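In this text, residue positions in the sequence shown follow UniProt numbering: the first is 1, and each later residue adds one.
We put the beta carbon where it would ideally sit given N, CA and C, even for glycine.
Bear in mind that the values here come from a model prediction, so they are computed numbers and not experimental data.
Worksheet for the structure shown next.
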Amino acid sequence: MSQSFVSKPKVGRKRLPQVPHLITHSNKSKPLPPGKHKFVVTSSATNLLSVTGSHMSEGGRATMGPQHAMPPLPEVGSTTQNQPLNQTSDNSCANFIEVRNYDKELDSFLADTLNMPLHGAIENFMKNHFIAQKSIVWVSIPELQMLYSHSLNSVTAQSQGLVGHTFQTRSLLRCTNPSSHPAYYSQVDSQFCGSSSSVLLFPIIDYKNNLWAIVQITKESSDSSFGQEDEEFAQWFINKFKLLSKWIRPDLNTEGFAAEILDLMHINDYLDLVQTKMMSLFDCNSAEIWKYENSNRGSVTRYTKTIETIDFSKAGIVTESLTKNTTVNCSNVQIHTNYNVNADGKIASAAMAIPITDDGIHYSIVIRGPRHNKLFTKIDETNLKKIAPLILLGLTNSEAFSQFDDDLRESKNEREGLAALLEVVEVISSQLNNEDNLVEVIMEKGRSLTDSDRCSLFLVNEDRDKLKTSLHKGLSQAIELPINKGIAGKTATEGKIFNIPDVYDSQFFDSTIDLASGYKTKSILSVPIYNSRSEIIGVTEMVNKKGNQQFSPWDEKLIQIFNVFCGISLENSRLFNESLEMNNKLSSFFDTAFAMAKSESLQKIFSEIMHNAKQSIGADRASIFLKEEGKEDSLSTFVVDGDKVPNSIPINKGIVGHVASTKTAMFENDVYKCEYFDSSIDKITGYKTNSLLASPIISSTGELFGIVEMLNKHKGDFEKRDLQTINAFATFCSIALEKNQLKTVSNISDLDIELKKWVGDQEKSKYDIPELLHLSGEQIEQVSRLRCFSVDFKGIGHFKELFYFFDFFKFREAYKITNDQFFRFIFAISATYNDVPYHNWTHACDVTQYIFYEVTTAKIQEKLSQLELFVLFIAAICHDANHQGFNNVFNVKAETPLGILFKDQSVMEMHHVEQSIPIIARDDINLFGALDQEDTKKAWNQFVKLILSTDMAHHFEIVKKSQGLVDENKWDWQDFDTRILGMQLILKVADISNVSRPFEYANEWCDILNREFFRQGDLEKSTGIGLTSPLNDRDNSDKPKSQIGFYNFICLPLYSVTAKVYPELQVNVESVKSNLEKWKELAAAKAAAAAPPA
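Put into structure tokens, the structure is as follows:
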């Protein structure tokens, strides 16, 4: 069943704004040593100052200009100058390292990473290995173009000195006289190595190929300089670190943090908690949350331990983060262009601001003043980004909770009222399965909430013309009033609250109930009850507030809230009872179909039909009266409950006579007030009839066969839905009667002509495919694969492929279905399909072919039993029987007969089941005739559930349930319900299989489906009911756009979960994705063509 959804366009990432760097070298600065670069402050696209003579790569890494092109990571050399690095060494080096067995030393290093920061573990490891005086890890901070040593709490530029040179070249550097190296910069390097020192520097690169840090190892004496073996060790460590960095890089565990800050609490408690937690996590002096709404451009809100509103122009460095949606990392807030002393403080300290947006509102999470470091690192940025959504969620939760909590504190009475209301809701919710108890609870709890003397509940009847009253006291049973009568009627028709201090002063008050009960009403609070569709379904009336008081405005609010839950509970109770009733009906239908499938007497079949009908409707007695040939003035008693009922009754008397003459079903809930009722039978039998439901049994040609009658409903009154049910059972009776007669001559002759044409007399009783119904080898290959266009098989080709499918799995031989029976089945079921553009016989065969392709591709016959596969294929053939080309929404809204009969159910799918059952159970077909009783019930159960699953109303529930079982590893093929779910997935995928066919087929099927949509849309426009879907509007059709939404939201989730259950079907997921890309290309081309010229 195709549907479409419009997908939202992706929003591109904004370009990061410019933020000033913190270190400036200009022409006026002290001249650099020979071979050094001069640096000038500029702006860059990553909110940092770049370096003249160098460029920023797309990922934000500094790279040298053309004259200093950065080499790739090369191999270790043997000189004392910069040595290229490589991920692998030559054989001799590899053998040398293997002899040294450095991996044993690695164990100690890995143990250290568990107990100290990573930089400290590396420094200890290198210092111990090299027996060096100094070991420093310089961690890269790309946003600031700086390198930072945690142990020294010192920074240096990524382009200065020996460390900067190693960073820029990404190469190993070994030298015994550092000051003689061209990159030596005394202002920096003299702090870490003397002129006679020996130094070894090398880069550390992680598994993402990002340069994470530079390691600098210094030996003070030139006698113990670094050698070839030391270079080989450094190369070994570089390789090892790259392999292990995915697991040893520090990562913030947010579980404990989330558990605390996501607890519901007041905003003041939340701000105190979140600031304390963030200061501890990031080892900083303060933390803040900033909020900026576009609608309030003049100010921003700052959350510290208090909440304050600040003029936007004075928000300081956070201004850039909020307006440009960019991260700001500043090592000194005072040199930032947006610095503000009130917002950023008087101390020259580092700060970091991370932006986050929620529902159009911009926030920024800020941390300030690292306590033991000079600045915030890349790790700090990553961790702050990780917890920012949690902080924001906690903030919005606490604000919502605070607002709710503050409102509760406004009034002690209101708090107590709401507390009582919550108790009431819990009590009401527990009465789901007992509507009488629910009404009683509603009246009692409504009375106690408002301290009233009484509470009355008025429910709108099915025809919406009366109010049925249920009173707390005073009347023994409910009565009905016109919906426009009294204060309750005024409330029901206008949807307004009426709070009347003295009802006898009101022109709307109806004293009928006072007169009937003897009770004197003084004051009334009347409030409407709405259902989920905003329809008024009832009214609660609080009567006579105690203490001779008037109902207050709070009473009005309280009952309004109370009625919301009443409406939900009443609606849920109705749906619950209707669900139980529908289950009973389906069970009755199954039992009836099973009875009709037996070769038993008409008397016994009718007795079972009436037994099932009586149970389904809840009547006390049920009878069938039939016309007899030659007796035009009477109806014979054929099946009857009770004794002393006459053998025949007049056809022109009583309610039964009226139904016979009009051929229209009717019910009457007070028969002695009905002008048609004949009480003579009551007098004969001594049985008192109170209510009666009757339906005519009509033949397929419109002839009256007889009457089905139900007496005295056990619970409540007969309703319109009971008419629908009894009509269905009357149809079963009609089918049973017609099965006992010869079929119409024209129908038999058409079937016999076709049967004789394709099946020889000797072949009718056989199970082998008739000679004339074989597929060719090329056709077999075609129906076995995805590239199959069922339109090519129209006519007898559909018969041939169905015979092939059933022969392939040996269904007919296993279940004793002869060629004669199967041909009759295909002929009969195909005749139910209408000549509509899409949901026709070809579609049914297309779905069946796709199931054959799925089963054989994924070897599903190894998971499902032969009987389950048999039922699956029959359901596929029948799943759209007698589809009229209109969807369920149209049938309900247009109030077609099907929409009325199956309202609030799967309208068309119930109809498909109803159409299929008589054909499957026909004496000359009887596909389930060889099954025993248990397998027959199982087959009917699966058949109905499979067809009902094709209703798109159940789509998301089925997909969600399947996904949950797969994700939780609870998919159990031994479980009966899980097996049915697996069968439903196969049928549902096949029902929308067009999306996975080759694109030329998918496109053509889409055009065919659109013709059916437009046909419905034209009818909706002409009848004035309005379009039930934008897809039905031929004047505003956008095929690519509709398909993109349909593929994304309907097809891919279904195909994906099916492929998880049947992994071999992943190929179909890829096919859907491929077609989706083509629709996107068409949509883009269409949009480009429609765009105005530049």
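### Pairwise C-alpha distance: Lys794 and Asn1010
Here the alpha carbon of Asn1010 sits roughly 20 Å from the alpha carbon of Lys794.
### Task
Name, in chain order, the residues that DSSP records as bridge partners for Asn342.
DSSP, once it has assigned bridges, lists no residue as partnering Asn342.
### Message
Quick check: the region 172-190 against the region 106-123, are at least 3 beta-carbon pairs closer than 8 Å?
### Response
no
### Query
Considering only residues of the region 93-166, which uninterrupted alpha helix (DSSP H) runs meet the minimum length of 4 residues and lie entirely inside it, listed in chain order?
103-113, 118-130
### Task
Say whether the region 816-836 touches the region 944-955, bearing in mind that this needs 3 or more beta-carbon pairs closer than 8 Å, one atom from each stretch.
no
### Query
Sorted by chain position, which residues of the same chain lie with C-beta nearer than 8 Å to Lys644's C-beta, five sequence neighbours on each side aside?
Around Lys644, the same chain offers Ile684, Thr685, Gly686 as residues with beta carbons nearer than 8 Å, after the five sequence neighbours per side are excluded.
### Query
Under a Cβ-count criterion, where at least 16 other Cβ atoms within 10 Å of its own Cβ denotes burial, should Asp670 be classed as buried or exposed?
exposed
### Task
Go through its chain and collect everything with a Cβ distance to Val944's Cβ below 6 Å, but skip five positions before and after it.
Val913
### Query
Between which two residues does the alpha helix (DSSP H) harbouring His883 extend?
No alpha helix (DSSP H) holds His883; DSSP gives it neither H nor E.
### Query
Are the region 341-357 and the region 385-398 in contact at 8 Å, needing three or more beta carbon pairs?
These segments touch.
### Query
In the DSSP assignment, what residue or residues form a beta bridge with Val543?
Answer is Arg454, Ile524.
### Query
Terminal residues of the continuous alpha helix (DSSP H) containing Arg721?
720-739
### Query
Are the Cβ atoms of Leu602 and Ile559 separated by less than 8 Å?
no
### Query
At which residues does the alpha helix (DSSP H) containing Gln235 begin and terminate?
228-248
### Query
For the candidate residues Lys988, Asp1038, Gly982, Val989, whose alpha-carbon lies nearest to that of Asp1007?
Asp1038
### Task
Please name the residue, chosen from Ile205, Gly394, Lys546, Leu931, that lies closest to Ala259 on a Cα-to-Cα basis.
Gly394
### Task
Output yes or no for whether 8 Å exceeds the beta carbon distance between Thr540 and Ile529.
It is a contact, given that the beta carbons lie within the stated cut-off.
### Task
Would you identify the three-state DSSP class for Trp971, choosing helix, strand or coil?
coil
#### Entry: Any 3 or more C-beta pairs closer than 8 Å across the region 925-932 and the region 973-987
No, they do not touch.
### Message
Does Ile796 pass the burial test, meaning 16 or more other C-beta atoms within 10 Å, or should it be called exposed?
### Response
exposed
### Message
Between the alpha carbons of His372 and Asn153, how many angstroms are there, rounded?
### Response
7 Å
### Task
Would you be able to state if there are at least three C-beta pairs under 8 Å between the region 697-717 and the region 647-663?
yes
### Message
Within 10 Å of its beta-carbon, does Phe799 have 16 or more other beta-carbons around it, so buried, or fewer, so exposed?
### Response
With 16 or more other Cβ atoms within 10 Å, it is buried.
### Message
For Gln1016, count the other beta carbons within 10 Å of its own beta carbon; 16 or more makes it buried, fewer makes it exposed. Which is it?
### Response
So Gln1016 ends up on the buried side.
### Query
For Ser1071, which option in Lys1086, Gly702, Ser996, Ala1087 has the closest C-alpha, if you only look at C-alpha atoms?
Ser996
### Query
How big is the Cα-Cα spacing for Ala728 and Leu626?
17 Å
### Task
Please report the Cβ distance between residue 1096 and Leu635, rounded to the nearest whole angstrom; I am assuming they are in contact, meaning their Cβ atoms lie under 8 Å.
Coverage of the chain is limited to positions 1 through 1094, which leaves residue 1096 absent and any answer about it impossible.
### Query
Leaving out five residues before and five after Ala718 in sequence, what residues of the same chain have Cβ atoms less than 7 Å from its Cβ?
For the record, residue 718 in the displayed sequence is Phe; it is not Ala. Same-chain partners within the cutoff: Phe667, Asn669, Ser691, Leu693.
### Message
Quick check: the region 540-556 against the region 443-463, are at least 3 beta-carbon pairs closer than 8 Å?
### Response
yes
### Message
Contact defined as beta carbons within less than 8 Å: I believe Val460 pairs with Ile537. What is the distance between those atoms, to the nearest angstrom?
### Response
5 Å
### Residues near Lys743 in its chain [Cβ-Cβ closer than 6 Å; skip 5 each side]
Unreliable positioning characterises Lys743 in this predicted model, as indicated by a pLDDT of 38, which lies under 50. A coordinate reading is not provided.
### Message
With a threshold of 8 Å, are at least 3 pairs of Cβ atoms found where one atom belongs to the region 290-307 and the other to the region 330-342?
### Response
no
#### Entry: Integer-rounded CB distance, given that Lys522 should sit under 8 Å from Asp505
The pair is not a contact, with the Cβ atoms about 11 Å apart (cut-off 8 Å).
### Message
Let's test the definition: count the other Cβ atoms within 10 Å of the Cβ of Ala351 and tell me whether it reaches 16, buried, or not, exposed.
### Response
buried
### Query
Using the C-alpha atoms, what's the distance from Tyr207 back to Val847?
49 Å
### Query
Grouping DSSP H, G and I as helix and E and B as strand, with all else coil, what is Ile697?
strand
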